[in-house]
Amino acid sequence: MLIRPLNHPVDLPDLIILFDRCVLHDGRPSLSEHKYASLLAEPMCGDGFVAREDGDLIGYVHLLESKRPGTYELEVMVHPVQRGRPEEPLLRAAIERVRDYGGETVVAWVYLAGGEQPLEKLGFSLQRTLHQMRVPLPTPNPAIAGLELRAFTAGDEEAMLYVNNRAFEGHLEAGNWGLEDLRARQAYDWYDPDGIRMLWSGDELVAFCWTKQHPGRLGEIYLIAVDPDLRGRGFGRTAALEGLRHLHLRGSTEGMLYVDGANNRARQLYQGLGFVWHHSDLAFGLQL
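For what it's worth, our numbering labels the leading residue of the sequence shown as 937, then goes sequentially.
Here it is in structure tokens:
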């Protein structure tokens, strides 16, 4: 087995094939949307190592610098019939690369059962749990008395980023966004401005719910945020129900979202709307 740095133009076609094969086998991606998009970008964002055997691509680790100084995130993708073999050497190569960069922390996301084993062997420990929850659609319509409810339009960016960054202050993925972060996500092929449902009180944005339509009948609450100064007034519930209403109108029969395992308040809100646990993703950390 050969472990070597990624050669982007040479390896990318095989990586796309491997990604699709893993999705077909597992029913879900091995790389998060953001990291897969960074792999496909020209020029590529991040770094990586491939595992090849007899010329065939059998594994890959993608490494991306976090917005948190000194922190790097990684995800591993391995051919279904080769699992249990290339993970550890790929991880070791990525860890050494982070050391070369002067990084202090490595965060590794695990999306499949058993993926934690090579991480624990290398000294990683569980840091975060992200639960996916689902609910049958339709759900009750939102109560919007006194609010204006409309879709995102050009010119809403500043208000949206203001609410988002206040709601997700200190959050590794969703916090500290600039206009370029918003634009990058608006460039995804699934993006639809009508899918960003915004709640206004006069000229003040109080909350928004960004939805994503998946293939088939699954719809996702991709991002939901409420101005922290206005919490406790039911705006989160209203925004969530509006997002679910929109998804159902677009053909979804099941709603889905992710919630941090430590966010009991949000989890209780979603349970009150009928959401139930579906599966969990795990983040493991290593201090260098």
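C-beta atoms are modelled at their ideal positions from N, C-alpha and C, and glycine is treated no differently. As the structure is a prediction and not an experimental result, all values here were calculated from the model.
Quiz item: Closest to Leu975 by CA distance: which of Leu1222, Leu1010, Leu1180, Leu1159 is it?
Solution: Leu1010
Quiz item: How should Gly1051 be labelled, buried or exposed, when 16 other C-beta atoms within 10 angstroms of its C-beta is the threshold for buried?
Solution: buried
Quiz item: For Ala1143, which beta-bridge partners are listed by DSSP?
Solution: Leu1135, Val1162
Practice problem: Give the range of the alpha helix (DSSP H) segment to which Val959 is assigned. | Solution: 944 to 962
Quiz item: Can you tell which of Glu1140, Val1017, Gly1131 has the C-alpha that lies nearest to the C-alpha of Asp1165?
Solution: Glu1140
Self-check item: Whole-angstrom C-beta distance between His970 and Gly982, which should lie under 8 Å
Solution: Contact doesn't hold; Cβ gap of about 10 Å is too wide.
Self-check item: Three-state secondary structure assigned by DSSP to Pro1072
Solution: strand
Quiz item: Got a sec? Which residues, its chain only, sit under 8 Å from Ile1080 by beta carbon, not counting five neighbours each side?
Solution: Leu1135, Thr1174, Glu1178
Quiz item: Would a C-beta distance cut-off of 8 Å place Ile1132 and Trp1146 closer than the cut-off?
Solution: yes
Exercise. Could you please give the first and the last residue of the uninterrupted beta strand (DSSP E) stretch that includes Ser968?
Key: Counting along the chain, Ser968 falls outside any beta strand (DSSP E), and DSSP gives it neither H nor E.
Practice problem: Specify whether the stretch 1022 to 1041 and the stretch 1207 to 1219 touch according to this definition: at least 3 beta carbon pairs, one from each stretch, less than 8 Å apart. | Solution: no
Self-check item: Cβ-Cβ distance between His1184 and Leu1083 below 8 Å
Solution: no
Self-check item: Nearest neighbour of Arg1186, chosen from Asp1163, Gly1172, Phe1211, Gly1152 [CA to CA]
Solution: Gly1152
Quiz item: For Gly984, does the count of other Cβ atoms within 10 angstroms reach 16, so buried, or fall short, so exposed?
Solution: buried
Practice problem: For Leu960, count neighbouring Cβ atoms within 10 angstroms of its own Cβ and tell me buried if that reaches 16, exposed if not. | Solution: exposed
Quiz item: Which first and last residues belong to the alpha helix (DSSP H) in which Thr1089 is found?
Solution: That residue, Thr1089, is in no alpha helix (DSSP H); it is neither H nor E in DSSP.
Practice problem: Determine the extent of the beta strand (DSSP E) in which Phe1171 is found, giving its start and end residues. | Solution: Where Phe1171 is concerned, there is no enclosing beta strand (DSSP E), although the alpha helix (DSSP H) it sits in stretches over 1171 to 1185.
Quiz item: Out of Arg1167, Tyr1008, Ala1176, which has the shortest C-alpha to C-alpha gap to Glu1156?
Solution: Ala1176
Self-check item: Counted within 10 angstroms of its Cβ, other Cβ atoms place Gly1172 as buried (16 or more) or exposed
Solution: buried
Quiz prompt | Reference Asp1125, options His1150, Arg1102, Leu1108, closest by Cα | solution = His1150
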